[in-house]
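First the structure, in the form of structure tokens, and then the observations on it.
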Amino acid sequence: MRRAVCPGSFDPVTNGHVDVINRAAGLYDELVVAVLVNPGKAGLFPVEERMELLRDAVADLPNVTVDSFQGLLVDYCRTHDIPVIVKGLRAVSDFEYELQMAQMNRELAAIETLFVPTAPQVGHLSSSLVKQIATFGGDVSRLVPEAVHDRLAERTRRAEQ
Ligand code: PNS
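Note that the sequence shown covers residues 1 to 161 in UniProt numbering.
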């Protein structure tokens, strides 16, 4: 059984994440999408809501599950017997830090990292930009899954009241 984990903050999930998850799901028997619980950084959406939005976004992928983790990613991998981390690469600027993490995770626990280049149509997407655009009333409907779009619109409306 080939298993992999696709980790991230997913605050919130974008169409770029969905692209990488879809393609990774085609390469492994089981793919776990793992949301980092970062006590030092609240983020826009609580972790439970990020997971709910992710579950909705991957509902058509039967071999994908959504989980959360705290602490080191390699510890999560070891506990769940997952030998591979899948990360998306949008641009060369992503590469330097991702390479460093991949080499560190390999040194720490012999966990391999597989890089998936994002589709060019979604290479410019990031959760931070999506949040910024939505906060100022911009249209993010083509950048995120529908449920995320609705949730962002709801939050913007509430903030305006
Ligand atoms: O979506 P992000 O914020 O780019 O995801 C980064 C993430 C969660 C993959 C990375 O920060 C991570 O693995 N954090 C867990 C802590 C850890 O293992 N740190 C050592 C990395 S070598």
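Backbone N, C-alpha and C fix where the C-beta goes; we use that ideal spot for every residue, glycine too.
Nearest candidate by alpha-carbon position, reference residue i, set the options
{"i": "residue 133", "options": "6, 12, 2, 8", "result": "12"}
{"i": "residue 36", "options": "49, 30, 27", "result": "49"}
{"i": "residue 71", "options": "40, 89, 92, 103", "result": "40"}
{"i": "residue 76", "options": "92, 34, 122", "result": "34"}
{"i": "residue 14", "options": "144, 100, 63, 74", "result": "144"}
{"i": "residue 3", "options": "119, 120, 113, 148", "result": "113"}
{"i": "residue 120", "options": "9, 27, 16, 45", "result": "16"}
{"i": "residue 43", "options": "137, 127, 139, 157", "result": "127"}
{"i": "residue 159", "options": "53, 102, 136, 1", "result": "136"}
{"i": "residue 8", "options": "154, 78, 67", "result": "67"}
{"i": "residue 82", "options": "157, 155, 28, 129", "result": "28"}
Other residues of its chain near residue i: CB distance less than 6 Å, five sequence neighbours each side excluded
{"i": "residue 69", "result": "34, 76"}
{"i": "residue 152", "result": "134"}
{"i": "residue 122", "result": "15, 16, 19"}
{"i": "residue 98", "result": "87"}
Sequence-distant residues of its chain with Cβ nearer than 8 Å to residue i (five each side left out)
{"i": "residue 31", "result": "3, 4, 5, 6, 21, 24, 25, 61, 63, 64, 65, 86"}
{"i": "residue 74", "result": "105, 108, 109, 111"}
{"i": "residue 139", "result": "133"}
{"i": "residue 147", "result": "53, 56, 57"}
{"i": "residue 116", "result": "20, 23, 24, 86, 87, 88, 89"}
{"i": "residue 156", "result": "134, 135, 137"}
Cutoff 7 Å; reference residue i; Cβ partners in own chain excluding five residues on either side
{"i": "residue 149", "result": "140, 141"}
{"i": "residue 234", "result": "Lying outside 1 to 161, the shown extent of the chain, residue 234 is not represented and no answer is given."}
{"i": "residue 129", "result": "none"}
{"i": "residue 78", "result": "109"}
{"i": "residue 47", "result": "35, 37, 68"}
Environment of the ligand PNS in chain order, Cβ to heavy atom below 5 Å: 7, 8, 9, 36, 72, 73, 101, 104
For the 8 Å Cβ check, are there 3 or more pairs between the region 92-102 and the region 52-63? Contact between the region 92-102 and the region 52-63 is absent, with fewer than three C-beta pairs closer than 8 Å.
Would you be able to state if there are at least three C-beta pairs under 8 Å between the region 77-88 and the region 10-25? Result yes; three or more Cβ-Cβ pairs closer than 8 Å.
Could you tell me which whole beta strand (DSSP E) segments of length 3 or greater appear in the UniProt domain "Cytidyltransferase-like" (5-132)? For the UniProt domain "Cytidyltransferase-like" (5-132), whole beta strand (DSSP E) runs of length 3 or above, ordered along the chain, are 30-36, 64-69, 84-89, 112-117.
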